[in-house]
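Q: Questions regarding the structure given below will be posed in turn.
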Amino acid sequence: MMDVPVLFGECWVTPQVSGWSPVFNPSRGEEIARVPMCGAAEVEAAIQAASAAFVTWSKTPAPARAARMFAFKAKLETHFEELAALITRENGKTLEEARGDIRRGIEVVDFACGISHLNKGEHLPQVAEGIDGVTMREPIGVCAGITPFNFPAMVPLWMFPIAVACGNTFILKPSEKVPLTAVRLAELALEAGWPPGVLNIVHGGREAVDALLEHPEIAAISFVGSTRVAEHVYVTGCRHGKRVQAAGGAKNVMIVMPDAEPDATTRAIMGAAFGCAGQRCMAGSILMAVGNAASQTREQIAAAIDNLVVGDTSANPKADMGPVIDSASRERILRSIEWGVAERAVLVRGGKHESQSRGFFVSPTLFDEARPDMHIAREELFGPVLTMLRPRDLDEAITWTNRNPYGNGAVIFTNSGGAARQFAREVSCGMVGVNVGVPAPMAAFAFSGWNRSFFGDLHVQGVEGVMFYTRQKIVLSRWDNAYRRTQGW
Ligand code: NAD
């Protein structure tokens, strides 16, 4: 079985640590690798490599940094199918979903290739008498990224290509549940000619993360994961004087109005609720069918669930939905389903998954007639569970949506421009969909969570990403002509 290495500079190392954690193929419940649980010593070695590389990389001209991004993008395209298969193997999502994971990530690399344009400053001549003003954005130093299990390629790629394109060096601490894709991404970056030390990798959990958060040589922390850990990372990182962007969990609402187009809406809801087995921070997990939309919506979703093929994604290309990440997740989700039943929501489909496989499967589950205060309607379950509520009208649906403490995504399905407009303006979250099931922004836009879905100011991705990984300098210059005149030229 493979021991997953760390990367310091150009050296792939098997560190001498006391703790190791298993990496599973979730479809089969079988261990495929083990990952070292690093601590302060490994983090220190990574920081030394990144600090040394920063000296030269931060002075490298932007077009030369962009050239390295183009080369990396070409590597990702060449190894696209191999990466997708690896994601499926260690995460359990279907091959098609894994392709989406890597494609969305490549789009960020594509965005970062434009760094020469993205990082231009501003110039105001004659800002005062005889004085010109120029702004420039400079890299901030060694940055670190801590990522979750659910997008093994996309979320790391939200971070390090932009940080590196801006002239920073980077330490990635991927989820200990899916370290293999991160290692492959770093191998490809080295093959693409990224100088040693520009991208480094450590593995582990809280100990490694805390060592990064507390180290004086780390300038910025990017985090994506659960709200509990996001808050810890934000508070601790800020206390240690770093800039921090920390994206957390979510409970996303989908509203179906009586005038929504039924078939397209059902397809979008199924993708949003059960894609990646519900393990997406933009997963639609609450379905509010307004007024007389309720019975038809319930019928259509139940029928679509009956047609969903759940199976081993590494063997069965026909599987529409794979397992959840591990047995602990599976047990937690099944407990939440029991809680929903105990609170007297109506279990329409799903519950347990009766399977001979040792994989971590949960059946696609639909509850109806839930109330907003129930556990299944409040908590992020992060599994294939869709909870349906029946608000009287759009006002009540918006009121219930805004009681939710999170603020990632909310979606409305309607043919009414007025309803869509009211919803988009009144809903308290950062990413809104109108007839779009998963309104996750593309690379040019920031991933704009609000409320308890995000801690910080500048979000990951897009121009906000460039701002996060750079700091602005303003140069005021006065050049007068007195000397020239004394010389007579
Ligand atoms: P997680 O919070 O358990 O882990 C995320 C990262 O934090 C991992 O690298 C992990 O090793 C580390 N970590 C775990 N416990 C820690 C601790 N006590 N102290 C310091 N570090 C710790 O999240 P997960 O289970 O890997 O991912 C699922 C969560 O991520 C969900 O809540 C999901 O909504 C969220 N997520 C959010 C976004 C977003 O953009 N808002 C995107 C993807 C996933």
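Residue numbers for the sequence shown, in my numbering: 1117 to 1605.
Built from N, CA and C at the ideal position, the CB exists for glycine as well.
1) Once the 5 residues before and after D1596 are set aside, which same chain residues still bring their CB inside 8 angstroms of it?
2) Can you give, in chain order, each stretch of the beta strand (DSSP E) that sits fully within the segment 1192 to 1217 and has at least 3 residues?
3) Would K1289 be called buried (16 or more neighbouring beta carbons within 10 Å of its own) or exposed?
4) Whose C-beta lies closer than 6 angstroms to the C-beta of S1593 among residues of the same chain, with five residues either side of it excluded?
5) Pick helix, strand or coil for D1573, following the three-state DSSP scheme.
6) State the start and end residues of the unbroken alpha helix (DSSP H) segment that holds T1381.
7) Beta carbon of I1417: closer than 7 angstroms to some heavy atom of the ligand NAD?
8) Just mark E1158 as buried or exposed, buried being the case when its beta carbon has 16 or more other beta carbons within 10 Å.
9) Check S1411 in the structure and name its three-state DSSP category.
10) From G1321, F1276, V1349, pick the residue whose C-alpha is nearest to that of I1314; which is it?
11) For the beta strand (DSSP E) that contains E1146, what are its first and last residues?
12) Suppose the cutoff is 7 angstroms on Cβ atoms and the five residues either side in sequence are ignored; what does the same chain contact list for C1354 look like?
13) Give the straight-line distance between the Cα atoms of C1154 and V1299, rounded to the nearest whole angstrom.
14) Quick one: what's got a C-beta closer than 7 angstroms to R1215's C-beta in the same chain, skipping five residues either side?
15) Report the rounded CA-to-CA distance for M1356 versus H1469, giving the unit in angstroms.
16) Going by beta-carbon coordinates alone, are G1565 and N1524 separated by less than 8 angstroms?
17) With H, G and I counted as helix, E and B as strand and the rest as coil, what does DSSP make of A1526?
18) In this structure, how does DSSP classify K1175 when only helix, strand and coil are distinguished?
19) Please list, in chain order, all residues of the same chain as G1578 whose beta carbon is under 6 angstroms from its beta carbon, the five residues on each side excluded.
20) Using 7 angstroms as the cut-off, classify the Cβ of C1397 as near or not near the heavy atoms of the ligand NAD, replying yes or no.
21) Who are the Cβ neighbours of A1335 in its own chain at under 8 angstroms, not counting the five residues just before and after it?
22) Have a look at A1327 and A1156 and give me their C-alpha separation to the nearest angstrom.
23) Roughly how many whole angstroms lie between the Cα atoms of F1339 and D1379?
24) How close, in whole Å, do the beta carbons of V1129 and V1151 come, if the pair is a contact with beta carbons under 8 angstroms?
25) Less than 8 angstroms separating the beta-carbons of S1401 and L1497?
26) Out of A1405, G1230, A1431, which one is the CA nearest neighbour of L1503?
27) Roughly how many whole angstroms lie between the Cα atoms of T1515 and I1421?
28) Comparing alpha-carbon positions, which option in A1363, R1144, P1241, P1264 lies nearest R1205?
29) Would you kindly work out how many angstroms separate the C-alpha atoms of E1391 and V1591, rounded to a whole number?
30) Can N1374 and G1407 be called in contact, C-beta distance under 8 angstroms?
31) Pull up the CB-CB distance for G1553 and G1387, whole angstroms please, since I reckon it's below 8 angstroms.
32) Compute the minimum distance between the beta carbon of I1262 and the heavy atoms of the ligand NAD, and state whether it is under 7 angstroms.
33) Tell me which residues share the same chain as D1442 and place their Cβ nearer than 7 angstroms to its Cβ, disregarding the 5 neighbours each side in the sequence.
34) Can you give the Cα-Cα distance for K1434 and A1281, rounded to whole angstroms?
35) How far does the alpha helix (DSSP H) with N1518 in it reach, from first residue to last?
36) Is there at least one non-hydrogen atom of the ligand NAD closer than 7 angstroms to the beta-carbon of V1325?
A: This is what the structure holds:
1) G1246
2) none
3) buried
4) D1248
5) coil
6) 1378 to 1390
7) no
8) buried
9) helix
10) According to the sequence as given, residue 1314 is Val; it is not Ile. Closest option to V1314, Cα to Cα, is F1276.
11) 1146 to 1152
12) V1360
13) 15 angstroms
14) A1200
15) For the sequence presented, residue 1356 should be read as His rather than Met. Roughly 45 angstroms between the two C-alpha positions.
16) yes
17) strand
18) coil
19) A1560, F1561, A1562
20) yes
21) I1256, G1257, V1258, C1259, N1284, K1358, R1359
22) 5 angstroms
23) 37 angstroms
24) About 13 angstroms separates the two Cβ atoms, so there is no contact after all.
25) yes
26) Contrary to the premise, residue 1503 reads as Thr rather than Leu in this sequence. Of the candidates A1405, G1230, A1431, the one whose C-alpha sits nearest the C-alpha of T1503 is A1405.
27) 29 angstroms
28) R1144
29) The sequence as given places Gly at residue 1391; Glu does not occur at that position. Each residue's alpha carbon lies about 50 angstroms from the other.
30) What sits at residue 1374 in the sequence shown is Pro, not Asn. Closer than 8 angstroms, so yes.
31) 5 angstroms
32) yes
33) F1140, P1142, K1293, F1476
34) 39 angstroms
35) 1510 to 1519
36) yes
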